[in-house]
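Heads up: the sequence shown at position 221 corresponds to 221 in my numbering, and the numbers run straight through without jumps.
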Amino acid sequence: MFNNFVYQNPVKVIFGKGQIAQLDKQLPKEAKILLTYGGGSIFKNGVYEQVKQALKGRQVIEFGGIEANPTYETLMKAVEIGKKENIDFLLAVGGGSVLDGTKFIAAAIPYEGDDAWQLVTGKARIKTAIPLGAVLTLPATGSEMNFFAVISRKETHQKKGMGNPLLYPVFSVLDPETTYSLPQHQVANGIADAFTHVMEQYMTYPVNAEIQDRMAESTLQTLIAVAPKTLENPTDYEARANFMWAATVALNGFMGVGVPQDWATHEIGHELTAFHGIDHGRTLATVLPHLMRIKKDEKRGKLIQYAQRVWNLHGTDDELVEGAIQKTIDFYESLGVPTKASAYGVGHETIEKIVQRFKDNNVKLGERGDITPDVVGEILEMSIA
1 MFNNFVYQNP VKVIFGKGQI AQLDKQLPKE AKILLTYGGG SIFKNGVYEQ VKQALKGRQV
61 IEFGGIEANP TYETLMKAVE IGKKENIDFL LAVGGGSVLD GTKFIAAAIP YEGDDAWQLV
121 TGKARIKTAI PLGAVLTLPA TGSEMNFFAV ISRKETHQKK GMGNPLLYPV FSVLDPETTY
181 SLPQHQVANG IADAFTHVME QYMTYPVNAE IQDRMAESTL QTLIAVAPKT LENPTDYEAR
241 ANFMWAATVA LNGFMGVGVP QDWATHEIGH ELTAFHGIDH GRTLATVLPH LMRIKKDEKR
301 GKLIQYAQRV WNLHGTDDEL VEGAIQKTID FYESLGVPTK ASAYGVGHET IEKIVQRFKD
361 NNVKLGERGD ITPDVVGEIL EMSIA
């Protein structure tokens, strides 16, 4: 059944070449800005200079070094600066990790409690947040157009998602040219991440939501089509622009309205990152195909639809189901992204820890809540077999 829904997305998207220059018009005139970024790639590709030029004459304090999986420990240093300096606007420049980390900073600066980690775990409610904007340089997470963030804590080997409508960016600048200098493996990770975001909202069971299904299928086909082009020629503007926009719409909330959603692949993948430090997009590729195989009976209707509409496969229903799973594996592998967790040294010991953690927290995943900790173990065992 097509479910009731409410959809609202307030993010202003400024897309295209040279649009970083628009920053001056988008930021409040008297704002005291905390500029956040990652490991320094923005200094090499010219983005930093473009941003600084657009911010000329403004009050700007910088905070760099946000990791690929942003950690609570690092982000709390930025929170201290934000509180001390009375920051009233945040500008994130980078990929999804910088945006995610900045969302946490936005919530934590005005937080009056003793332990800001409770904002991540949900034990404390986000009541207010510092407004933020974004300049996206790595398409992947859709963080530029949603209110979600994923934060890691090194001390406890945890990686958890958080979200609140107060954390929507006020605006996001998306210039495909800023991605030209990205390392190929990061582009591959981004494609894998965006692809899986769509699959988490689509690969469930049919509810006759044709707009959402067709949007998901067209986004998947776009990613499949542009992946080899943009990996082979990073300065192909059309390919990179289509990839960038596909990654944004993959998780801006629209294709998930009114339909069941899974997200088990992400929850399991977060654990692999927490224990082994594996890139987020790569953890997803090591989980999704095996989850699809173990849950193929429950997902049969969508697997058949996916095989026919996305991959243009023909055959018996059983052949279509198997073909859909194999095509997914082939796609990830074509990006240079392994589909086995064993490729990263994951073994039985890690699986036991993940299963036990899920049991301790009474976790049940999937669109039907039927992926129990023991089923998680089966999925991961298949991924190292």
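Even for Gly, the Cβ is constructed at its ideal location relative to N, Cα and C.
Next on the checklist: Among the candidates Leu182, Ala106, Glu177 and Gln184, whose CA atom is the shortest distance from the CA of phenylalanine 147?
Outcome noted: Ala106
Item to check | Reduced DSSP secondary structure (H/G/I, E/B, other) of methionine 162 | outcome: strand
Next on the checklist: Can you tell me where the beta strand (DSSP E) holding glycine 95 begins and where it ends?
Outcome noted: 89-95
Next on the checklist: So, at 6 Å on beta carbons, what are the nonlocal neighbours of isoleucine 61 in its own chain, with the 5 sequence-adjacent residues on each side left out?
Outcome noted: Leu34 and Glu85
Checklist entry - Any idea which residues DSSP pairs threonine 32 with across the strands? => result Looking at the sequence itself, residue 32 is lysine, so the reference to threonine does not match. The partner list for lysine 32 (beta bridge, DSSP) reads Gln59.
Checklist entry - Can you check whether the CB of lysine 299 is closer than 8 Å to the CB of methionine 203? => result yes
Item to check | Rounded C-alpha distance that separates valine 346 from isoleucine 354 | outcome: 11 Å
Checklist entry - Where do the ends of the alpha helix (DSSP H) carrying lysine 44 lie? => result 41-44
Item to check | Host alpha helix (DSSP H) of arginine 125 (start-end) | outcome: Looking at the DSSP string, arginine 125 is not in any alpha helix (DSSP H), and its letter there is neither H nor E.
Checklist entry - According to DSSP, is methionine 172 helix, strand or coil? => result The displayed chain sequence assigns serine, not methionine, to residue 172. Three-state result, serine 172: strand.
Checklist entry - Given a threshold of 16 other Cβ atoms within 10 Å of its Cβ, counted over all protein chains shown, does valine 6 qualify as buried or as exposed? => result exposed
Checklist entry - In chain order, what residues of the same chain have a beta carbon less than 7 Å from the beta carbon of alanine 246, not counting five sequence neighbours either side? => result Ala194, Thr219, Thr222 and Leu223
Item to check | Nonlocal neighbours in the same chain, by C-beta distance under 7 Å from isoleucine 42, ignoring five residues either side | outcome: Tyr48, Val93, Gly94 and Thr137
Checklist entry - Would you call the stretch 61-73 and the stretch 148-162 in contact, with 3 or more CB pairs under 8 Å? => result yes
Item to check | Three-way DSSP call (helix, strand, coil) for lysine 12 in this model | outcome: strand
Checklist entry - If we ignore side chains and look at the alpha-carbon of each, how far apart do glutamine 59 and leucine 174 end up? => result 23 Å
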